[in-house]
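**Student:** Have a look at the structure that comes next, please.
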Amino acid sequence: MNFKINLLLSHLNEQLNFIDLEIDNPIKKCEKAIEISINSKEKLRVLIQKTNFKSDEEEIQFFKEIKPQFTSKVIYYNTIFNIEMKKPNGGTRVLKKYYNNELIKLKAFFDNELDFYKYYRSGNIYLDYKYFLRGKFDIKLSLDSYYFEADKTFATSHDFKVAKILANDLIQLYLENQLIMIENKDNNEKSQHKPNVKITWTAPKVSLTELLYALHSQGVFNNGAVDLKDIAEYFEHIFEIDLGQYRRTFLEIRTRKTDRTKFITSLNETLIKRMDNADDII
């Protein structure tokens with residue numbers, strides 16, 4: 004069973020990594036990620052219902068450590084989807100207030116679940132038999148209302164709370180990153196003279212990363228005497244874009260099964276076509 008679960012989780016992470024690389028629009032990214040995460044969690048449910056746990060310890064481990072990894076992804080992407088859908092139109096001040104309010108909501112969850120948060124984060128196990136065994140709930144232990152509507156064959160009283168903690172960690176990072184990007188953009192706008200026409204990168208970020216590595220490999224900047232990091236930061240500055248973990252993105256590009264230089268190949272084909280069309284006109 005562990006092998007099948009690990010394979011399912013690995014496949015889910017691979018799909019989500021691919022979406023993260025190929026889709027830049029946060030709303031579309033979340034829609035696709037939610038669909039994939041729900042499908043993966045349903046496969047997990049079917050797998051568990053066909054299998055008997057060998058011991059209470061194995062069941063506790065599943066609901067405390069494994070299932071929350073699947074559920075947390077649904078929570079994370081659904082929350083980000085709602086945050087981005089409700090994001091107001093406005094300047095940096097409006098957006099900062101909006102994202103800071105979302106951070107306050109996360110803190111409210113932390114405050115409401117402080118006892119369990121401390122229990123889980125400190126690695127305690129003395130209440131695991133109540134928290135993470137099916138049918139062993141204790142009404143005195145601050146249960147979420149959703150638990151009474153949940154499938155009791157695939158839920159314990161607190162596995163959802165663990166998933167919520169894991170998701171909130173990622174949501175906090177997302178919100179803090181958005182605030183940093185807003186601050187950097189605001190500072191850039193104040194410190195530099197802008198041209199009359201604003202040019203933004205509208206292709207996927209993965210394409211810009213592919214181009215970044217190609218130009219660095221060719222040594223086209225400063226006669227090749229410039230670091231990859233400096234070029235990446237320059238691209239992020241002029242295009243007002245966050246390339247994120249571009250080194251990891253390059254590793255993903257390297258492992259593509261087909262056409263590892265997809266964007267550069269497309270550039271080549273498009274330019275040749277334009278040249279050919281120009282010849283026809285002449």
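According to this note's numbering, the sequence shown is numbered sequentially starting from 4.
Idealized CB from N, CA, C, for every residue including glycine.
Bear in mind the structure is a predicted one, so any value in this text is a computation, not a measurement.
1) Quick check: Phe73 and Arg137, are their CB atoms within less than 9 Å of each other?
2) Residues in its own chain within less than 8 Å of Ile22 by CB, not counting five upstream and five downstream?
3) Within its chain, find whatever has a CB closer than 8 Å to the CB of Lys188; leave out the 5 residues flanking it on each side and keep chain order.
4) In the DSSP assignment, the alpha helix (DSSP H) including Phe140 goes from what residue to what residue?
5) Throw me the rounded Cβ distance for the Met88 and Ile30 pair, which I believe falls under 8 Å.
6) Under 8 Å Cβ to Cβ from Ile285, same chain only, skipping five residues before and after it: list those, please.
7) Measuring alpha carbon to alpha carbon, tell me which residue in Ile107, Arg124, Leu211, Ile8 is nearest Gly247.
8) Helix, strand or coil for Pro297 per DSSP?
9) Terminal residues of the continuous alpha helix (DSSP H) containing Asn55?
10) Would you decide whether Glu116 is buried or exposed? Buried here means 16 or more other CB atoms lie within 10 Å of its CB.
11) Buried or exposed: Ile83, going by 16 or more other Cβ atoms within 10 Å of its Cβ?
12) Rank Glu179, Lys70, Leu106, Ala206 by C-alpha distance to the C-alpha of Glu45 and give the top, closest one.
13) Per the contact definition of three or more C-beta pairs closer than 8 Å, is the region 212-224 in contact with the region 250-260?
14) Would you be able to state if there are at least three C-beta pairs under 8 Å between the region 49-69 and the region 6-25?
15) With a threshold of 7 Å on Cβ separation, who are the neighbours of Asp279 within its own chain once the five nearest residues in sequence on each side are excluded?
16) What residue range does the alpha helix (DSSP H) around Glu2 cover?
17) Comparing alpha-carbon positions, which option in Tyr122, His14, Tyr102 lies nearest Asn180?
18) Which residues bound the alpha helix (DSSP H) around Thr212?
19) Below 6 Å CB to CB, which residues in the same chain sit around Asn55 once its five sequence neighbours on both sides are set aside?
**Tutor:** Taking the coordinates as given:
1) no
2) Lys32, Lys35, Ala36, Ile39
3) Thr95, Glu243
4) Where Phe140 is concerned, there is no enclosing alpha helix (DSSP H), given that its DSSP letter is neither H nor E.
5) At roughly 6 Å, the Cβ-Cβ gap stays under 8 Å, so Met88 and Ile30 are in contact.
6) With a pLDDT of only 48 at Ile285, under the threshold of 50, the placement of this residue in the model should not be trusted; the figure read from the coordinates follows. Here the set comprises nothing.
7) Leu211
8) Shown here, the chain extends from 4 to 285; a query on residue 297 therefore has no answer.
9) Neither: Asn55 is in no alpha helix (DSSP H) and is coded neither H nor E.
10) buried
11) buried
12) For the options Glu179, Lys70, Leu106, Ala206, the alpha carbon positioned closest to that of Glu45 is the one of Lys70.
13) Yes, since at least three Cβ pairs between the region 250-260 and the region 212-224 fall closer than 8 Å, the two stretches touch.
14) yes
15) none
16) Because the chain here runs from 4 to 285, residue 2 falls outside it and cannot be looked at.
17) Tyr102
18) 208-221
19) Excluding positions up to five away in sequence, the list is empty.
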